[in-house]
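Heads up, the thing below is written out as C-alpha cells.
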Amino acid sequence: MSQPSANSSAPALIFETGAPGRATEYVERSRPHADFLPQELLRTELPLPDNSELDVVRHFTQLSQRTFGIDLGFYPLGSCTMKYNPRVNDAMASLPGFSDLHPYTPDDLAQGSLAVMYELERSLSSVFGMAAFSLNPSAGAHAELAALLVAKKYFKDRGEIKRTKVIVPDTAHGTNPASAAMCGFKVISIPSDARGRVSLEEIEKVLGDDTAVCMMTNPNTLGLFEDHIAEIAAAVHRVGGLMYYDGANANAIMGNVRPGDMGFDLMHLNTHKTFTIPHGGGGAGHGPLGVAAHLVDFLPTPVVRAIPDGKTGLRRAPSDGMRFELDFNRPKSIGPMRSFWSNFAHAVRALSYLYANGAEGLKSVSQLAVLNANYLRVGVSEFLSTPYPEICRHEFVASAQDLKKETGVRALDIAKALLDRGYMAPTVYFPLIVPECLMMEPTETESKETLDIFIEALREIIETAKRDPQSIMAAPVRTVVGRIDETRAARQPDLRWRQSG
Amino acid sequence: MSQPSANSSAPALIFETGAPGRATEYVERSRPHADFLPQELLRTELPLPDNSELDVVRHFTQLSQRTFGIDLGFYPLGSCTMKYNPRVNDAMASLPGFSDLHPYTPDDLAQGSLAVMYELERSLSSVFGMAAFSLNPSAGAHAELAALLVAKKYFKDRGEIKRTKVIVPDTAHGTNPASAAMCGFKVISIPSDARGRVSLEEIEKVLGDDTAVCMMTNPNTLGLFEDHIAEIAAAVHRVGGLMYYDGANANAIMGNVRPGDMGFDLMHLNTHKTFTIPHGGGGAGHGPLGVAAHLVDFLPTPVVRAIPDGKTGLRRAPSDGMRFELDFNRPKSIGPMRSFWSNFAHAVRALSYLYANGAEGLKSVSQLAVLNANYLRVGVSEFLSTPYPEICRHEFVASAQDLKKETGVRALDIAKALLDRGYMAPTVYFPLIVPECLMMEPTETESKETLDIFIEALREIIETAKRDPQSIMAAPVRTVVGRIDETRAARQPDLRWRQSG
Amino acid sequence: MGAYTPHTPQEISQMLERIGVGSLEELLAVSPDIAPKAPLDVVPAMPEYQIERRMKALAARNGADDYASFLGAGAYRHYAPPAIAALAMRGEFLTAYTPYQAEVSQGYLQAIYEWQSYICLLTGMEIANASVYDGATALAEGSIMAINATGRKRLLVSRAVDPRYRAVLHTYCGGLDVEIDEIAVGADGRTDGASVRAAIEAKSYAAVVLQSPNFFGVIDEIDPQLRASIESSGTVPIAVISEAISLGALRSPAQWGAQIVVGEAQSFGVALAYGGPYVGFIASTAEHMRRIPGRLVGRSLDNRGQEAYTLTLQAREQHIRREKATSNICTNQAHCALIATIYLALMGASGLRDVAGLNLERSRELATAVSSVPGVSLRFDAPFFNEIVVRVGNGAEVLAALQKHGVLGGVDLGRFYPEYADSILMTATELTSTGDIAKLTAALREVVHVAAVR
Amino acid sequence: MGAYTPHTPQEISQMLERIGVGSLEELLAVSPDIAPKAPLDVVPAMPEYQIERRMKALAARNGADDYASFLGAGAYRHYAPPAIAALAMRGEFLTAYTPYQAEVSQGYLQAIYEWQSYICLLTGMEIANASVYDGATALAEGSIMAINATGRKRLLVSRAVDPRYRAVLHTYCGGLDVEIDEIAVGADGRTDGASVRAAIEAKSYAAVVLQSPNFFGVIDEIDPQLRASIESSGTVPIAVISEAISLGALRSPAQWGAQIVVGEAQSFGVALAYGGPYVGFIASTAEHMRRIPGRLVGRSLDNRGQEAYTLTLQAREQHIRREKATSNICTNQAHCALIATIYLALMGASGLRDVAGLNLERSRELATAVSSVPGVSLRFDAPFFNEIVVRVGNGAEVLAALQKHGVLGGVDLGRFYPEYADSILMTATELTSTGDIAKLTAALREVVHVAAVR
Ligand SMILES: Cc1ncc(COP(=O)(O)O)c(C=O)c1O
Ligand SMILES: Cc1ncc(COP(=O)(O)O)c(C=O)c1O
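Chains as they are written, first to last, in our numbering: chain B, 74 to 574; chain P, 74 to 574; chain G, 4 to 457; chain E, 4 to 457.
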C-alpha cells in the first residue's frame with residue numbers, strides 16, 4: 074500500500090541488469106551441447122540475462138509492490154467476483170502428493186487426485202442442477218467454446234445440421250459472442266428491455282428451427298434476476314434449441330436457484346471467481362462445464378469414472394472406499410479441449426472451498442454476496458444514478474451519465490480517482506448498454522465497515538467532481554504512474570525488449 | 074519499494090478493527106469451558122479482536138509493505154552481515170519431516186534431524202578450528218553468556234575461583250560486556266590504539282591471575298584485522314586466561330584463518346549473519362558455541378553423539394550410515410541454555426548453505442565479502458573521511474565528523490537521507506570510539522553495480538549536504554513517517570494498546 | 004454461515020434494514036417453480052483443520068512418490084528453485100485480476116512484458132502474447148491465425164506432433180469448417196519431408212505444423228529446400244515446442260523457418276500438478292501481430308512522461324470486438340507465465356544452457372543403459388533431445404510389470420500409435436538420477452526377460 | 004565460487020585494480036603462523052537441486068510422521084492456519100534486521116507493538132517486551148528482574164515448574180551468586196502451599212515461581228491467602244505459562260496475583276521444528292518497566308504529527324548500557340513473535356476460546372479412555388488443562404512398547420522425577436483425533452497387559 078522507502082521508480086527491465094556468468098548454481102555445469110548433438114542443430118546465441126538470485130528476488134518483490142491485489146484492498150470489480158482467496162486452498166494445492174503428480178501417472182497411483190475431481194464434479198452437479206460436469210476447460214471462455222461444440226455435436230448427432238444461430242443478449246459478456254463465432258455459429262444479438270431484462274418477445278422474434286443455443290446469464294450482467302427465465306427456456310426448448318448458462322454470476326445463486334431448474338441445458342462456472350481460486354493477475358482460471366443428461370455423452374474427454382458410482386451421496390460419504398479411472402473412450406465426445414485433464418491444482422482449491430462451506434455455507438455465501446451488493450447499491454445511489462433502482466443480486470450498475478453532463482467527469486475518471494484512494498476501480502463501460510457505466514460487485518467476503526468506508530470515499534469523489542472536476546480528471550496522481558498514452562501504445566507497438574534498447 | 078496505490082496511511086491497529094464473532098472457522102465451536110472446569114478458574118473476558126482472514130491478510134500485507142528488508146534493496150548495516158537469504162534454505166527448513174518433529178521424539182525416530190545437527194556441528198568445528206560446537210544457544214549474546222559460564226565452570230573445576238575479570242576492548246559490541254556482567258564477571262575495558270587495534274601493551278597491563286577471559290573479535294568491529302592476535306592470545310594464555318572469539322565478523326575469515334589457529338579457546342557464530350539465516354526483523358537467531366578440546370566437557374546439554382563417531386571426514390562421507398543420540402549425561406556441563414535442543418530450523422538453513430558452498434565456496438565467500446568492502450571503502454573515501462585508511466576486511470568505518478563541522482550534517486542525517494533514496498542505512502555511532510561513525514558492510518552477495526550506484530547515491534547526499542544541509546537534516550521525507558520523537562516515546566511510554574484507545 | 008464471510012447477525016439486520024428488506028430469503032426470492040426441490044448433495048462442511056486432514060488424506064491416496072519415473076510426453080519434471088514460489092505466491096500477484104487498471108498494475112504488466120520478451124528471445128520470433136491456456140490450445144489458436152492469414156481452410160499436421168495436441172486441434176476444428184490432413188512419420192522418427200512437399204503443391208493448406216523435438220523426442224526441423232517450397236506455396240510453417248527446455252540448446256524455430264511458434268512453457272518452473280494449470284505461448288513474425296489471440300502488454304508513456312506498461316492492441320479482443328475478435332480467450336494463464344518468467348530470470352542463459360545440457364546428457368545415459376538390456380532397443384536412430392522411443396515387446400505390459408518394480412517406465416506409445424504398440428516413450432531430465440536409471444535397467448532385465456518367456 | 008556471489012572474473016579484476024591490490028589472496032593475507040594448516044573438512048558442495056535431494060533424504064530419516072502422538076510437555080502440536088506462513092514468510096518481514104531505522108520499519112514495529120499488546124491482554128499484565136529466546140530463558144530473565152527489584156539473591160521455585168525451565172534457571176544462576184530452593188509437589192499434583200508459606204516467612208526470597216497449568220497439566224494458581232502472605236513478604240510472584248493456549252480458557256495470572264508472567268508462545272502457530280526457534284515472552288506490572296530485558300516498541304509521534312512506532316527505553320539495553328544493561332539480549336525472536344501475532348489476529352477471541360475448549364474436551368476424552376484400561380490410572384485428581392499424568396507401571400518401558408504399536412505415548416516422567424518413574428505425561432490438543440485415542444488405548448491394553456505379565 075505504501076512504501077517503506079522512497080525509491081518509487083520502476084525497477085529496470087530484467088534484460089538490462091545482470092552480467093554474463095552471474096547466475097546461481099541450481100544445477101551443475103553441463104558438458105558442451107556439441108558433445109551430444111551436431112553443431113548445426115544447436116543454438117549459437119542465447120541472449121538471456123544472467124542475474125543473481127538476490128537481484129531477481131529484488132526485481133520481483135519490487136514488481137509485486139507495484140501491483141494491487143485483493144490482499145491490499147477492496148476490489149469491487151463487477152463481473153469478476155473478487156472475493157477473498159483463502160490461503161488454505163493454496164496450501165492444499167501445493168501438497169507434494171498433488172503438485173508433483175505427472176498427468177500420465179497410471180490411474181491406480183492417482184486415486185487421490187481422481188477422488189478430488191470426482192468429489193468436485195459431483196458437488197457442482199448437485200449445486201447447479203446439472204447431470205454432470207467436465208473439469209476439462211481452462212476458463213470461462215474455454216468452457217463456452219466447449220459447450221457450443223457439445224451443442225453442435227449434439228445437433229449433428231440428431232441430424233439437425235441447420236441449427237446455425239446463437240442468441241446472445243446485448244448485455245452479454247464479450248466472450249459469449251466470440252465463443253459462438255469461434256464455433257462457427259452466427260450470433261444474433263437481442264436488446265434488453267427497459268427493466269434491464271432480456272425480453273421474451275424479442276427472443277421469440279428470432280427463434281426458429283435454425284436456433285442452436287440461447288446464451289444467457291442469470292442474474293444478468295446488470296445484476297438483475299431474469300424473472301422470465303422459465304418462460305424463455307420453454308420458448309427456446311419449444312423450437313428445439315438449447316439454453317446455455319454463463320456461470321460468471323453464479324455467486325448470486327448458490328443454494329437459492331439452480332440453472333438446471335431454470336431450464337438450462339449447459340453451463341459453465343468460473344471457479345476462479347465463485348470458488349475463491351486466485352485469479353493470479355489474469356489466470357490461470359478453471360471453467361467446469363455442466364450439462365443436462367441428454368448432453369453428457371458429448372462432454373470433453375477424459376471424464377472421471379467412479380467404480381462403483383457414488384449413489385450414496387456426498388454429504389455423508391465423500392469418495393472414501395471408491396475407485397476411479399480416467400475414461401477416454403467416449404465415442405460421442407467432442408474430444409479434449411486441452412493437453413491434459415484439468416487445471417487440477419485449481420480443482421483442489423475449489424474442493425477445499427466446498428469443504429469449507431458444505432451446502433448450507435454456499436447458500437449463505439450467495440445470500441451475503443447479494444446483501445453486500447444491495448447495501449452498497451443503496452449507499453451509492455445517494456450520489457450516483459443507478460439506472461435500475463431495484464433489488465439487485467450480487468452486483469449492480471451505476472451510471473456517471475448525469476455527472477458527466479454536469480461536470481465533464483466520466484466513469485473512467487471516477488475509476489482513476491478510486492485508485493488514488495487505495496481502491497481497485499469497478500468495471501467500467503460494461504455492460505455496453507449503460508452509458509458511463511460503473512459495475513460494482515463487492516462479494517460476500519467484505520465487511521460492512523469496508524463498504525461504509527468505500528461509500529464515503531466514492532461520495533467524496535463525486536462531491537469533489539462537482540466542486541473541482543479537474544482534480545478528478547487528473548487522477549490518478551498518487552500512483553506510481555499516471556494515465557498512460559494508449560494511442561501511442563497501439564500505434565507504436567512496443568511489445569518486447571530488444572537488445573538495442 | 075513503491076505503492077501501487079496511494080493509501081499510505083498506517084493500517085489501524087488490529088485491536089481497532091473487527092467485530093465480535095467475526096472469525097474464520099479454523100476449528101469447530103467448542104463446548105463451554107465451564108463444562109470442563111470450575112467457573113472460578115475460568116477467564117471472564119478475552120478482549121481480543123475477531124477479524125476476518127481477509128482483513129488480517131490485508132493488515133499484515135500492508136504492514137509488510139511498510140517494512141524494508143534485504144529483498145527490497147541494499148542493506149549495508151555494519152556488523153550485521155545482511156547478505157542474501159536463499160529461499161532454498163527456508164524451503165528445506167519447512168519440509169514437514171523437519172518442521173513437524175516434536176523435540177521429545179525418541180532418538181530413533183529423529184535420526185534425520187540429529188544428522189543435520191551432526192553435519193553442521195562437525196563442519197563448523199573444522200571451518201573455525203574448534204574441537205566441538207554446541208548448537209544450543211539461540212543467538213550471539215546467548216552464546217557469549219554460555220561461553221562465559223563454560224569458562225567459569227572450567228576455572229571452578231580447576232579450583233581457580235579467583236578469576237573474576239573479563240577483558241573487553243572499547244570497540245567491542247555491547248553484548249560482550251553485558252554478557253560478562255550477567256555471568257558475574259567484572260568487565261575491564263581496553264582502549265584501542267591509533268591503528269584501531271587492541272594494543273598488546275594495554276592488555277598486558279591488566280593481565281593477571283584474576284584474568285578469566287579476554288573477549289575479542291577479529292577482524293574487529295572497525296573491520297580491521299588484529300594483526301597481533303597470536304601475541305595477545307599467548308599473553309592471555311600465559312597468565313592462565315582464556316581467549317574468546319566473538320564470531321559476528323566471521324564472514325571475513327572463512328577458509329582464510331581460523332579462530333582456533335589464532336589462539337582462541339571459545340567462540341560463537343551468528344549463523345543468522347554469516348550463514349544466511351534470515352534475521353526476521355530481529356530474530357530468531359542461532360548462536361553456535363565453539364570450544365577447544367579442554368572445554369568440550371563443559372558445553373551445554375544436550376550434545377549430539379555419533380555412533381560410531383565420524384572419523385571418516387565429511388567432505389566425502391556426510392552422516393550416511395551413522396547413528397546419533399542426544400547426550401544429556403554430561404556431568405561437567407554448565408547445563409542447558411534453553412528449553413530445547415537448538416533453534417533447529419536454523420540449523421537446517423545453515424547446513425543447506427554449507428552444502429551450497431563446501432570448503433572452497435566458504436573461502437570464496439569471505440574473499441568476495443572483503444573485496445566488496447574494500448571497493449566500497451575506496452569509493453566512499455572520495456567524499457567521506459575514513460579514519461583507518463588501509464585495507465579492511467568485510468566492513469569499514471567512515472566518519473561524518475568533518476562534514477558535521479563544515480555543515481552541521483551528522484551521521485544520523487546521512488543515514489536518514491539514505492532511507493529516502495531506497496537504501497537501508499549503515500550502522501551509525503558504533504563502534505563508540507569513532508565520532509559520527511558510519512559502519513558499512515556490503516557482504517559478498519551484492520554486485521559491483523549495486524555498490525557503484527550506492528556510492529553515487531552517497532556522494533550525492535554529501536554534495537547536497539554541502540550545498541543545502543537543511544535538506545539532508547530534514548530527511549527522511551519520502552518515507553511513510555518522518556523522524557520520530559524519541560524523547561516522547563521514552564518519557565510517555567505507550568507500549569501497548571488499551572481498550573480506552 | 005458461509006465460509007470467509009465477516010457478517011455478524013447484528014450487521015445483517017442493520018444492512019437489511021438499510022436496504023428495506025425483511026430477510027435474506029426475501030432478498031433472494033425466486034418464483035417457486037424454479038426453486039430447488041431437494042437439499043443439495045455436496046461434500047460436508049468442516050472446519051479448516053479438518054479440511055487440511057481430509058486433503059492430506061486424499062493426497063496420500065496418490066502413490067507415485069517413491070517410484071523412479073521416466074514419464075514425460077508433454078509434461079516434464081524439472082528442478083524449480085524455491086525462490087519461484089516465494090515470489091510468485093506473493094499476495095499482490097496472486098490476488099490481482101487482469102491488469103485493466105494499468106496505473107496500479109505496473110508490476111504485473113512489466114512482468115508480462117518480460118515474459119513476452121523472453122518468449123521472443125527463445126523462439127526467435129518478433130512478437131509473443133501474454134499466454135494462452137496450454138500448448139495444445141496454443142496450437143489450435145496458432146492454426147486459426149494461419150487460417151485467417153491465408154484464407155485457406157486446410158491444415159497439414161505431422162503425425163509426430165503430440166497426439167493430444169492434434170486431438171485438441173481436431174476438437175477446435177469441429178466448430179469451424181476446417182480440414183486436417185496428417186503427414187506420416189519416417190523410419191527415423193522424423194516427419195516425412197517428401198509427403199509434405201507433395202501435399203503443399205496444391206497451395207491449399209493454411210499451415211504446415213511440425214513439432215521439434217517431436218513427440219518421439221527426435222529433432223524434427225524443416226530442412227532448407229522444403230522450407231523454400233513451403234514458403235513459395237504460401238503455407239504458414241508452424242512450429243510446436245512442447246519441451247521448452249530444449250530451447251536452451253537447440254537453435255530457434257525461427258532459424259529453420261517457422262513463422263508462428265506455439266508451445267507449452269510448463270517446463271519453466273510450473274508444477275506438474277496432474278496436468279495443470281500449465282501455460283501456452285504463441286509467438287510469431289511481426290506480420291501476424293493483429294491476428295494474435297489474447298492479451299498483449301505494450302510499453303508506452305504516462306502523462307508524467309514516464310515509461311509505463313499497459314494492455315494494448317485490444318481491438319483484437321472479445322471484450323471490444325465480440326464475435327469479430329481474433330479469439331474468445333479472456334482469462335489466460337498469467338500466473339503460470341509469471342512463474343516461467345521468474346524461472347528464466349533465475350536461470351539466466353547460463354542456467355538454462357546447463358539444464359538443457361544435463362537433459363541431453365542424462366537422456367543419453369538412459370539410452371545407453373536401456374539398449375544394453377537384451378530384448379530392448381531404440382526404435383529411432385536420429386538426434387534427440389531428452390526423450391527416446393524404446394522397443395520392449397509389448398509396451399503396455401512391460402509398463403505394468405515395471406510398475407511392480409517401483410518404476411514408472413514412461414508412456415505406452417500404443418495408446419496413440421497402434422503401429423508402435425511395442426514401444427515406450429521414455430524421458431530423462433536433469434532430475435533423473437543414476438540410481439533411477441539403474442533401477443529401471445534392472446527392472447527391464449527382469450521384465451523383458453519375463454515377457455519373452457511367456 | 005562462493006554460493007550466491009554475483010561476481011564475474013572481470014569484475015573481480017576491476018575491483019582489485021580499483022582497490023590497488025593484486026589478488027584476493029593478497030587482500031586477505033594473514034601471517035603464516037596462524038594460517039590454516041590443512042584443508043577444511045566440510046560437507047561437500049553441490050548444486051541446489053542436489054541440496055534439495057539431500058535435505059529431503061535427511062528429513063525422510065526422521066520417522067515420526069505416521070505415529071499417533073501424545074507428546075507435549077512444553078512443546079505443543081496445534082493447528083496453524085496456512086495464512087500465517089503466507090504472511091510471515093513475506094520477504095520484507097523475513098529479511099529485515101532489528102528495526103533500528105524506524106522510518107522504514109513501521110510495519111514490523113507496529114506488528115511488535117501488537118504482539119506486546121496481545122501478551123498484555125492475555126496475561127493481564129501492564130507491559131510486555133518484544134520477546135526473549137524461549138520460555139525457559141524468559142523464566143531466567145524474569146527471575147533476574149525480581150532479583151534486581153528486591154535486591155535478594157534467592158529464588159523459590161515449585162518442582163511442578165517444567166524441569167527444563169528449572170535446569171536453565173540453574174544454568175543462568177551458575178554465573179550469578181543466586182541460590183534456588185525448590186518447593187515440593189502435593190499429592191494432588193499442585194505446588195504445596197504450606198511449604199511456600201513456611202519458606203517465604205524469612206523474607207529472603209526475591210521471587211516465588213509457579214507454573215499454571217504446571218508441568219503435570221494441573222492448574223496451579225496461588226490461592227488468595229497465600230497470595231497475601233507472598234505480597235507481605237516482599238516476594239515477587241512469577242507465573243510461568245508454557246502452554247499459551249491455556250490463556251484462552253483460564254483466568255489470567257494477574258488475577259491470581261502474578262506480578263511477572265513469563266512463558267512460551269510456541270503454541271501460537273510456531274512450528275515444533277524439533278525444538279526451535281520458539282518465542283519467550285516476559286510481561287509484568289508497570290513498576291518493573293525499566294527492569295524488563297530486551298527490546299520494547301513504543302508508540303510516539305513523528306515530525307509530521309503522525310502516529311509512529313519506534314524502539315524505546317533503550318537505556319536498559321546492552322548497546323547503550325553495556326555491562327550495566329538489564330540483560331545481554333540483542334537478537335531476540337521477533338519473527339516467531341510475528342507468527343504468534345498473526346495467529347492471534349486470525350483466531351481472535353472466538354477462535355482462541357474454541358481451541359482452548361477443544362483442548363479441554365479432547366484431553367478429557369483421553370483421560371477417560373486411558374483410565375478405562377486395566378492397570379492404567381490417572382495419578383492426580385485435580386483440574387487440568389490438556390495434559391495428564393498417567394500411571395502405567397514403568398513409564399519408559401511402556402513408552403518403548405507403545406512405540407512398536409505406532410504410538411508416541413508421551414514423555415516418561417521418570418526422566419525428570421524419579422518418584423514418578425511409573426508415569427507418563429500425555430497431552431491432547433485439538434489435533435488429537437478420536438482415532439489417535441483409540442489407537443493409544445488399544446495399544447495400552449496390549450502393552451500394559453504385557454508389562455504386567457512379565
Ligand atoms: C459474464 C462473463 N462471462 C464470461 C466470462 C469469461 O470467463 P473467463 O475469463 O474465465 O474466460 C467472464 C469473465 O470476465 C464474465 O464476466
Ligand atoms: C560484534 C557483535 N557481537 C555480538 C553480537 C550479538 O549477537 P546477537 O544479536 O546474535 O545476540 C552482535 C550482533 O549485532 C555483533 O554485531
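The beta carbon of each residue, even a glycine, is placed where N, CA and C say it ideally should be.
Throw me the rounded Cβ distance for the residue i and residue j pair, which I believe falls under 8 Å.
| i | j | result |
| --- | --- | --- |
| serine 199/B | aspartate 44/G | 4 Å |
| methionine 316/P | glycine 296/P | Wrong, their Cβ atoms sit about 20 Å apart, outside the cutoff. |
| phenylalanine 141/P | serine 108/E | 7 Å |
DSSP puts residue i in a beta bridge; with which residues?
| i | result |
| --- | --- |
| methionine 327/B | Paired residue(s): none; methionine 327/B is not in a bridge. |
| tyrosine 317/P | Met288/P and Leu339/P |
| methionine 429/E | Ile391/E |
Could you tell me if the beta carbon of residue i falls within a distance shorter than 7 Å of some heavy atom in ligand 2?
| i | result |
| --- | --- |
| asparagine 343/P | yes |
| serine 211/B | no |
| cysteine 287/P | no |
| aspartate 137/E | no |
Who are the near neighbours of residue i in its chain, counting only those whose CB is closer than 8 Å to its CB and skipping five residues on each side?
| i | result |
| --- | --- |
| threonine 315/E | Leu299, Val300, Gly301 and Ser303 |
Taking only heavy atoms of ligand 1 into account, decide whether any of them is closer than 7 Å to the Cβ of residue i.
| i | result |
| --- | --- |
| threonine 244/B | no |
| cysteine 256/B | no |
For residue i, which residues from the same chain have a beta carbon less than 6 Å from its beta carbon, with the 5 sequence-adjacent residues on both sides left out?
| i | result |
| --- | --- |
| serine 72/G | Leu411 |
Apart from the five residues on each side of it in sequence, which residues of its chain come closer than 7 Å, Cβ to Cβ, to residue i?
| i | result |
| --- | --- |
| phenylalanine 383/G | Asp191, Gly192, Phe219, Val221 and Val392 |
Taking the runs of the beta strand (DSSP E) that are 3 residues or longer, which of them lie wholly in the stretch 116 to 172 of chain G?
-> List check, beta strand (DSSP E) in window: 157 to 161.
Only counting runs of 3 or more residues, tell me where the beta strand (DSSP E) segments fall wholly within the stretch 222 to 308 of chain G, in order along the chain.
-> 239 to 244, 263 to 267, 283 to 287 and 300 to 304
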